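Chains as they are written, first to last, in this note's numbering: chain A, 1 to 371; chain B, 1001 to 1371. Beta carbons: idealized from backbone N, C-alpha and C, even for Gly. This structure is a prediction, so every number in the text was calculated from the model and none was measured. Structure first, then comments.
Protein chains: 2
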Amino acid sequence: MHHYRFTCTKCCKNYVPNALNLRCEDCQGTLSVQYKFPTEQMSSFNYGEGISMPIPIPSPSDLVSLGEGNTPVLKLSKISNQLDLEIYAKLEFMNPTGSFKDRGTSMMISALRSMGVSEIVEDSSGNAGASVAAYSSKAEIKAHIFAPSSAPDTKLNQIKVYGSVLHSIDGSRDKTTEAAEAFAKEKKAIYASHNLSPFFIEGTKSFGYEIFNDFGKEIPENIIVPVGNGSLFLGIWKAITELDTQNLIGTKPSLHCIQAVNVNPIASPVPWNISQIAPTIAGGIAVGTPPRKSEVRKVLEESNGFANSVTEESIKEWQINLAKYEGIFCEPTSAAAFAGLENLVNRNRIDKAKRVLIPVTGSGLKDAFPE
Amino acid sequence: MHHYRFTCTKCCKNYVPNALNLRCEDCQGTLSVQYKFPTEQMSSFNYGEGISMPIPIPSPSDLVSLGEGNTPVLKLSKISNQLDLEIYAKLEFMNPTGSFKDRGTSMMISALRSMGVSEIVEDSSGNAGASVAAYSSKAEIKAHIFAPSSAPDTKLNQIKVYGSVLHSIDGSRDKTTEAAEAFAKEKKAIYASHNLSPFFIEGTKSFGYEIFNDFGKEIPENIIVPVGNGSLFLGIWKAITELDTQNLIGTKPSLHCIQAVNVNPIASPVPWNISQIAPTIAGGIAVGTPPRKSEVRKVLEESNGFANSVTEESIKEWQINLAKYEGIFCEPTSAAAFAGLENLVNRNRIDKAKRVLIPVTGSGLKDAFPE
């Protein structure tokens, strides 16, 4: 018997966990992990005295780890001065494959392996594909990674080097997902979608537990996250909710969601549809139909966060700013969050007396270099 | 007055520290930092109860940091089985710019800044250049980085993105050094050579203090290091010596030095001269005339370590092995250490009852991808 269940995020129907289960059978809603017992009675990671994070694997020793997490937090002095605000960055590109995805992948692959899964199918525009490929190699799981043929070469090559089978798909990002789903069905392999798997968010939530410690239990009042599928955004909020349930947290932070003007299904100020999509250099958030969109909306509301869209120009500018002034070389997707912060400051959406934390989600080394 | 002096590693002459000082005036020997007082009376980093690492900056708060160090240690289960030995890897590519150099650069830039330096010149085949560029940006120091035009594009682009001035030099690696030295002289700028600066090794020694903690004060009996200029190799040994002086260490480990057959001034079994040099994919250890060669030799002798040379074929093979079996994607230079381990095991140079630790020095993302 598992110490957790899957619950539909829409109609709340419960399911016995199963590696094949990615959506509610009744309403097609996305699923999340819900724990059955008080944390102290379950498998968990320890984050210091009295702070435990429940995990959906039989025991912490079942974790497939490549050394993910425990990323450093830096104060960005020059950018803080520039925007007249206290700004911190948590360097997620210092994860083993170069992005925050490793937190989610580590947990997803561990949970699937503990269920006896030995072959998986995944689709990704790049970072998640490389991450799933690396952890599958460590876990001795055969992985088929579907990626758009237009993804940066470095990301595609990275997938291959770990020994995964790369399926390069022409056409839109959605075509890649369709091809992966069809292949999984035909092969009777597990479709380990990092966007749909309820396990992925159970891994990204470690970010939230870490900042609780990084800041001496006083989480910054604003957290600004670039959102494509929202797995980091939702993981952070889940951590905060769990910490709150354990009565460990004072004031909850506001979570702000940043998207590119060219792909902003959540942040668009007017009703949005997929035909509005345009190319963006922020490949990690170029997601036209995020399956967990309504979950992200709910967190924005609960946390009093803002959704904001940023231009291609401002993304490029902030990628250069971060490297030039702070010595941080990130991918355009990560720079988008800083462009969003600037917008929010200019519109007086952020109280200047409060602190801001931004995850620098991915490494600049995997994308095209800025001009 | 400084709490340390520079000492010639050859003739032992002492010098008052000075940013211009890179060699002994009398004998041209390389210099090292020598502390004047017991550690507890000096500026130091704390590595837990009673464990302090002396540092050549006025106070720990003078450190220019991008979150370097504290890299994870992984047990490599599959490779351990394969070689019938207990093998651990410390993932140095998870440093902020993707290599162990960040440890040395952080300390070198901090020391120079604390001396009032505002403009520097550096030469590098790639990793150190990117590292110096990043830390100079954070420290607001203007950096001129000289690199061979043949270095991988990713490494050259990374230097530029941080806002440093890249001077791309045609011809051999030595030509790059000559050009940098001439430019520094003409410009009257500080030549901050990571190979010669005594501060660099004061940074890389943090690796040694960390493993002392990573392994519960029982450092693995064998440490296998790819050696070009030897700054990590020498830093580890300096840490071990300092821990020993503080009576904290039991048995000292053996440090083994790995080089490519094509460039092995230290590991060559026959007398070596620069005309024997041939191209190698292990760019980080392609150093024909390492200025600290005799220091490396001395440590090999003191620690009962072996020097070993590895073929291009075996380097490529181990780069793939690490990615495929352990989910670790490193640069060829790092893979060389594993090829060397295999040689040492085959020649019965390593006691199978003892543990082995290998630093995975740099990220695979910055080099050409393996075929």
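Residues of the segment 1073-1104 of chain B whose Cβ lies closer than 7 Å to any Cβ of chain A, in chain order: L1074, L1091, M1094, P1096, G1098. Here B:P1198 is not near B:R1173, since their CB atoms are 8 Å or more apart.
A:E312 is the residue among A:N273, A:E312, A:A189 whose C-alpha sits nearest the C-alpha of A:S334.
DSSP places A:A111 in the helix class (H, G or I) of the three-state scheme. Using a 10 angstroms sphere on the CB of B:N1346, the tally of other CB atoms stays under 16, which defines it as exposed.
At least 8 Å separates the CB of A:T361 from every CB of chain B.
Looking at B:K1160, B:Q1276, B:I1274, the one whose alpha-carbon comes closest to that of B:S1137 is B:K1160. When C-beta distances to chain A are compared with 9 Å, the residues of the segment 1302-1329 of chain B below that value are Q1319, I1320, A1323, K1324, Y1325, E1326, G1327, I1328, F1329, in chain order.
Here A:E312 carries a helix assignment [DSSP, helix/strand/coil]. In chain order, T1009, P1291, R1292 place their CB closer than 6 Å to the CB of B:T1030, counting only its own chain and leaving out the 5 sequence neighbours on each side. By the Cβ-count criterion, B:I1274 is exposed, with fewer than 16 other Cβ atoms from all chains shown falling within 10 Å of its own Cβ. At least 8 Å separates the CB of B:K1010 from every CB of chain A.
Boundaries of the beta strand (DSSP E) harbouring A:Q259: 254-260, taken from the DSSP string. The alpha-carbon of A:P253 is positioned some 7 Å away from that of A:I219. The beta-carbon of B:Q1259 is placed no less than 8 Å from the nearest beta-carbon of chain A. In the DSSP assignment, A:Y4 falls outside any alpha helix (DSSP H) and lies within the beta strand (DSSP E) extending over 4-8.
Taking the C-beta atoms as reference points, A:A89 is found no nearer than 8 Å to A:E122. The continuous stretches of beta strand (DSSP E) do not include A:V299, which lies in the alpha helix (DSSP H) extending over residues 293-302. Approximately 4 Å separates the beta-carbon atoms of A:N262 and A:A278; this is inside 8 Å, confirming the contact.
Contacts with chain A at 8 Å (Cβ-Cβ) do not include B:T1007. With respect to B:Q1276, B:A1267 sits apart: the two C-beta atoms are not nearer than 8 Å. At a cut-off of 8 Å between beta-carbon atoms, A:G126 makes no contact with chain B.
Across the structure, B:C1012 and B:E1301 are spaced so that their CA atoms are roughly 19 Å apart. In the DSSP secondary-structure assignment, B:S1044 is bridged to B:P1054. DSSP places A:S65 outside both helix and strand once states are collapsed to three, so it counts as coil. A distance of 8 Å or more separates the beta carbons of A:Y162 and A:A192.
Looking from the CA of B:G1048, the closest CA among B:Y1209, B:A1339, B:C1257, B:E1092 belongs to B:Y1209. A:V165 has a beta carbon lying at 8 Å or more from every beta carbon in chain B. Residues of the segment 1205-1236 of chain B that bring their beta carbon within less than 8 Å of a beta carbon in chain A are absent altogether.
For A:L255 and B:R1355, the gap between their C-alpha atoms comes out near 46 Å. Beyond the five residues adjoining it in sequence on each side, B:K1205 comes within less than 6 Å, by CB distance, of G1235, K1238, A1239 in the same chain, given in chain order. Remark: fewer than three beta-carbon pairs, one from each stretch, lie closer than 8 Å, so the segment 324-343 of chain A and the segment 1164-1173 of chain B are not flagged as touching.
Note on geometry: alpha-carbon atoms of A:A189 and A:V33 lie some 22 Å from one another. If you look at B:S1168, you'll find it in the beta strand (DSSP E) that goes 1165-1169. Listed along chain A, no residue sits closer than 8 Å to B:Q1034 by beta-carbon distance, the nearest being about 30 Å off.
Taking C-beta separations shorter than 7 Å and ignoring five residues to either side along the sequence, the partners of B:A1368 in its chain run P1152, following chain order.
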